[in-house]
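See structure below.
Number of protein chains: 2
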Amino acid sequence: MEKVESTLFEGLTDDEYARMTECFKTTLRAHRKGEEVAIPQGRVGVVHRGRISVMKTDEDGVRTIFEQLASGGVFGAMLGIAAADAGFFLVAEEDCEVLYVDYDHIMKRCPKACAYHSTIVRNLVRLMADKTQALSEHLEILSHRTTRDKLMAYFRMLAAKSRNPYFTLPFSQTNLADYLCVDRSAMLRELANMRREGLVEIDRRNVKLNLHKTL
Amino acid sequence: MEKVESTLFEGLTDDEYARMTECFKTTLRAHRKGEEVAIPQGRVGVVHRGRISVMKTDEDGVRTIFEQLASGGVFGAMLGIAAADAGFFLVAEEDCEVLYVDYDHIMKRCPKACAYHSTIVRNLVRLMADKTQALSEHLEILSHRTTRDKLMAYFRMLAAKSRNPYFTLPFSQTNLADYLCVDRSAMLRELANMRREGLVEIDRRNVKLNLHKTL
DNA sequence: GGAAATTTGTTGTAAATGCAACAGAGGTCT
DNA sequence: AGACCTCTGTTGCATTTACAACAAATTTCC
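In order, the protein sequence lines correspond to chains S and H. Going by this note's numbering, the first sequence opens with residue -9, and the numbers climb by one from there. Going by this note's numbering, the second sequence opens with residue -9, and the numbers climb by one from there.
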């Protein structure tokens, strides 16, 4: 198997990488766009290429987007996803490659104290810190009570990340509503209001935030 | 310094613990009830005793409770809290003891490959997995669009955790509203409705969930 | 190129929510 | 014991929101 470039393996020499793949039971799997990706139970999934959405549909058919996992995104039953019984599921938004590593094997105390073993655990800490960051951001956005405030909080965040009042949404407006946990039509109504007031200009996924008006 | 029993140090022999405290710059700090706890910048805080709330007040004075950190809870600027500039702050809900460990030191590749070093990193992964779980739960609750659904989702979760339709809220009803990100009076109104319909019985922090009515 | 699916956009209406203001109960502290 | 503070509880009202239903534009896929 050729070497997989992933944050999880960062800092490993070629030699260490070779020994690691023997020692760890890593699997690289491809998922086609639109396919549902099973929630790994005893393993940790790391998105290597492509994009995966973590979603939930509740008993009333209301859909929510929890996370967008890009390259480096980690997921698994031990990592927050409360399993499919609660309505959670994963969907590949594009053709994906996902790396699966046995969780117990990572967490087992290594008798040989291999240097690469602890490197991987450290890298996992970094990936989980990123995930924590993403979840906190989402929480921060949902903490706002009105649709307008949620939109503004999210737009400000995207503008800050791209260091540009012009930016592109990572998903369609329909999905944006699911991410903000608001009704789509209500969101569109509010977006129309904001457009009218000159707060934002928005065309499909392209947004311009007029920050000077937001004070 | 006497040995601190913490998940972070789990699996360490006494000897390893002794060497660890030298190698790592761990600090144990006490925080009085009601005190504000500074957000650690280059370090990771681990709640050893007591309870800490992660909160935010936005520009309109709206308060949100993001997390309740109990024993084992981890926090820090690298772990989601977007720093005080965004209005985040920590408050000790009870007298607390918090363990601070230098983040870089944990993440540095250890030249001696000490066994205890990698044990601590592994333990940190476990603590962060718990945090991810807690954040995901909160997100799941906020994903519901109505106050009633938020309340029910939260109550069901607490009932499931305590394996008992009777359970105790971890905070006051006032704070519950801040956790659910809804207006307090609106929440109380909805609680009154639910009480009237026989869905729940609630007295201060004591709740009984009548699950048979919830289908 | 054309059919099918998805996305964007709009509107009416009933219901839910935020906001403000107030009153009483319960707890805490000295 | 009393002052003070926080928490619980209630209500009116204006606004926001969810829900439903629909039309048009755009993208995807064969």
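Even for Gly, the Cβ is constructed at its ideal location relative to N, Cα and C.
Quick check on this structure: which residue in F157(H), A143(H), E12(H) and R53(H) has the alpha carbon closest to the alpha carbon of D48(S)?
Position 58 of the first sequence, counted from the start, is the residue given in the question as residue 48(S). Of the candidates F157(H), A143(H), E12(H) and R53(H), the one whose C-alpha sits nearest the C-alpha of D48(S) is A143(H).
Going along chain S in order, which residues have a C-beta closer than 8 angstroms to the C-beta of H128(H)?
The residue labelled residue 128(H) in the question sits at position 138 within the second sequence. Chain S residues near H128(H): L129.
Give the secondary structure of L89(H) by DSSP, where H, G and I count as helix, E and B as strand, and everything else as coil.
The residue given as residue 89(H) occupies position 99 in the second sequence. In the structure shown, L89(H) sits in a strand (DSSP, three-state: E or B).
Rounded to whole angstroms, what is the Cα-Cα separation between R39(S) and Y156(S)?
One-based indexing of the first sequence puts residue 39(S) at position 49. One-based indexing of the first sequence puts residue 156(S) at position 166. Answer to the nearest angstrom: the Cα atoms are 26 angstroms apart.
What residues from the stretch 42 to 71 of chain S come within 8 angstroms of chain H, judged by C-beta to C-beta, listed N to C?
K46, D48, V52, T54, F56, M68, L69, G70 and I71
Beta strand (DSSP E) containing I42(H): first to last residue?
As a position in the second sequence, residue 42(H) is number 52, starting the count at 1. Start and end: I42 to T47.
Applying a beta-carbon distance threshold of less than 9 angstroms, which residues of chain S neighbour R99(H)?
The sequence position of residue 99(H) within the second sequence is 109, counting from 1. Near R99(H) (Cβ distances below 9 angstroms), the residues of chain S are G1, A105, S108, T109 and R112.
Is it the case that the Cβ atoms of L166(H) and L129(S) are separated by a distance below 8 angstroms?
Here residue 166(H) is taken as the residue at index 176 of the second sequence, counted from 1. Here residue 129(S) is taken as the residue at index 139 of the first sequence, counted from 1. Contact flag unset, no.
Have a look at D50(H) and L117(S) and give me their C-alpha separation to the nearest angstrom.
Locating residue 50(H) in the second sequence gives position 60, counting from the first residue. Locating residue 117(S) in the first sequence gives position 127, counting from the first residue. Those two C-alpha atoms are separated by around 34 angstroms.
Helix or strand or just coil, what does DSSP make of R53(H)?
Sequence index remark: in the second sequence, residue 53(H) carries index 63 (1-based). Here R53(H) sits in strand by DSSP.
At least one CB of chain S closer than 8 angstroms to the CB of V115(H): is that the case?
In the second sequence, the residue the question calls residue 115(H) occupies position 125. V115(H) counts as touching chain S.
Determine, for R135(S), whether the minimum Cβ-Cβ distance to residues of chain H falls below 8 angstroms.
For this step, residue 135(S) is matched to residue 145 along the first sequence. Judged by the 8 angstroms Cβ criterion, R135(S) is in contact with chain H.
What are the residues in the stretch 167 to 181 of chain H lying within 8 angstroms of chain S by C-beta distance?
Within the stretch 167 to 181 of chain H, the qualifying residues are C171, V172 and D173.
Compare the C-beta of T(-3)(S) with all C-beta atoms of chain H and state if any pair is closer than 8 angstroms.
Here residue -3(S) corresponds to residue number 7 of the first sequence, with the count starting at 1. It does not; no Cβ of chain H falls within 8 angstroms.
Would you report the Cα separation of A8(S) and I71(H), rounded to the nearest angstrom?
What you label residue 8(S) is simply residue 18 of the first sequence in a count that begins at 1. What you label residue 71(H) is simply residue 81 of the second sequence in a count that begins at 1. Between A8(S) and I71(H), the C-alpha separation is close to 37 angstroms.
In chain order, what residues of the same chain lie with their CB nearer than 8 angstroms to the CB of M191(H), ignoring the 5 residues before and after it?
As a first step, residue 191(H) is located in the second sequence; it is residue number 201 there, counting from the start. Before going further, note that residue 191(H) is Glu rather than Met in the sequence given. These residues qualify, in order along the chain: R185, V197, K198 and N200.
If you follow the beta strand (DSSP E) that E191(S) is in, where does it begin and where does it stop?
Here residue 191(S) corresponds to residue number 201 of the first sequence, with the count starting at 1. It spans V190 to D193 - the beta strand (DSSP E) in which E191(S) sits, taken as one unbroken run.
So Q31(H) contacts chain S; which residues on that side make the cut at Cβ distance below 7 angstroms?
Start at 1 with the first residue of the second sequence, and residue 31(H) comes out as number 41. The premise fails here: Q31(H) is roughly 14 angstroms from chain S at the closest Cβ pair, so nothing lies under 7 angstroms.
Note down, one range per segment and in chain order, each beta strand (DSSP E) of at least 3 residues found wholly within the stretch 92 to 159 of chain H.
Secondary structure within the stretch 92 to 159 of chain H: the beta strand (DSSP E) runs of 3 or more consecutive residues, fully enclosed, are 156 to 158 (chain order).
Would D168(H) be called buried (16 or more neighbouring beta carbons within 10 Å of its own) or exposed?
Reading the second sequence from its first residue, position 178 is the one you call residue 168(H). Classification of D168(H): buried, given that the 10 Å Cβ count is 16 or more.
Would you say L(-2)(S) and I29(S) are within 8 angstroms of each other, going by their C-beta atoms?
The residue given as residue -2(S) occupies position 8 in the first sequence. The residue given as residue 29(S) occupies position 39 in the first sequence. Not in contact: L(-2)(S) and I29(S) (Cβ atoms no closer than 8 angstroms).
Assuming S162(H) contacts R195(H) under a Cβ cut-off of 8 angstroms, what Cβ separation, rounded to an integer in Å, is found between them?
As a first step, residue 162(H) is located in the second sequence; it is residue number 172 there, counting from the start. As a first step, residue 195(H) is located in the second sequence; it is residue number 205 there, counting from the start. Confirmed, about 7 angstroms.
How would you label N113(H), buried or exposed, when you count the other beta carbons within 10 angstroms and need 16 or more for buried?
Locating residue 113(H) in the second sequence gives position 123, counting from the first residue. Its Cβ being crowded by 16 or more others within 10 Å, N113(H) is buried.
Which class does Q58(H) belong to by DSSP, given the choice of helix, strand or coil?
As a first step, residue 58(H) must be located in the second sequence, where it is residue number 68. DSSP places Q58(H) in strand when its eight states are reduced to three.
Just curious, the beta strand (DSSP E) that A82(S) is in, first and last residue?
The residue you call residue 82(S) lines up with position 92 of the first sequence. Where A82(S) is concerned, the enclosing beta strand (DSSP E) stretches over F78 to A82.
Rounded to whole angstroms, how far is the Cβ of S61(H) from the Cβ of V37(H), which I believe are closer than 8 angstroms?
Numbered from its first residue, the second sequence carries residue 61(H) at position 71. Numbered from its first residue, the second sequence carries residue 37(H) at position 47. Yes, they are in contact, since the Cβ atoms of S61(H) and V37(H) sit about 6 angstroms apart, within 8 angstroms.
Could you name the residues that DSSP lists as bridge partners for G290(S)?
The requested residue 290(S) is not part of the displayed model; chain S covers only -9 to 205.
By Cβ distance below 8 angstroms, which residues in the same chain neighbour L2(S) in space, the five residues on each side in sequence not counted?
Taking the first sequence and counting its residues from 1, the one referred to as residue 2(S) is at position 12. Answer for L2(S): M10, Y106, T109 and I110, listed in chain order.
Beta-carbon separation of L132(H) and C104(S) under 8 angstroms?
Counting from 1 along the second sequence, the entry for residue 132(H) is found at position 142. Counting from 1 along the first sequence, the entry for residue 104(S) is found at position 114. Not a contact, by the Cβ cut-off of 8 angstroms.
Whose C-beta lies closer than 8 angstroms to the C-beta of K46(H) among residues of the same chain, with five residues either side of it excluded?
Position 56 of the second sequence, counted from the start, is the residue given in the question as residue 46(H). Taken in chain order, the residues that qualify are R53, T54, F56, A76, G77, F78 and F79.
How would you call K289(H), buried or exposed, if buried means at least 16 neighbouring beta carbons within 10 angstroms?
Past the edges of chain H, shown from -9 to 205, lies residue 289(H), and the structure says nothing about it.
Does the beta-carbon distance from K15(S) to D94(S) come in below 8 angstroms?
Position 25 of the first sequence, counted from the first residue, corresponds to residue 15(S). Position 104 of the first sequence, counted from the first residue, corresponds to residue 94(S). Contact flag unset, no.
Taking the alpha-carbon positions, what's the D4(H) to V(-6)(H) distance?
As a first step, residue 4(H) is located in the second sequence; it is residue number 14 there, counting from the start. As a first step, residue -6(H) is located in the second sequence; it is residue number 4 there, counting from the start. Going by the C-alpha atoms only, they are around 11 angstroms apart.
For a test of the three-state rule: what should DSSP assign to A28(S), helix, strand or coil?
Start at 1 with the first residue of the first sequence, and residue 28(S) comes out as number 38. Here A28(S) sits in coil by DSSP.
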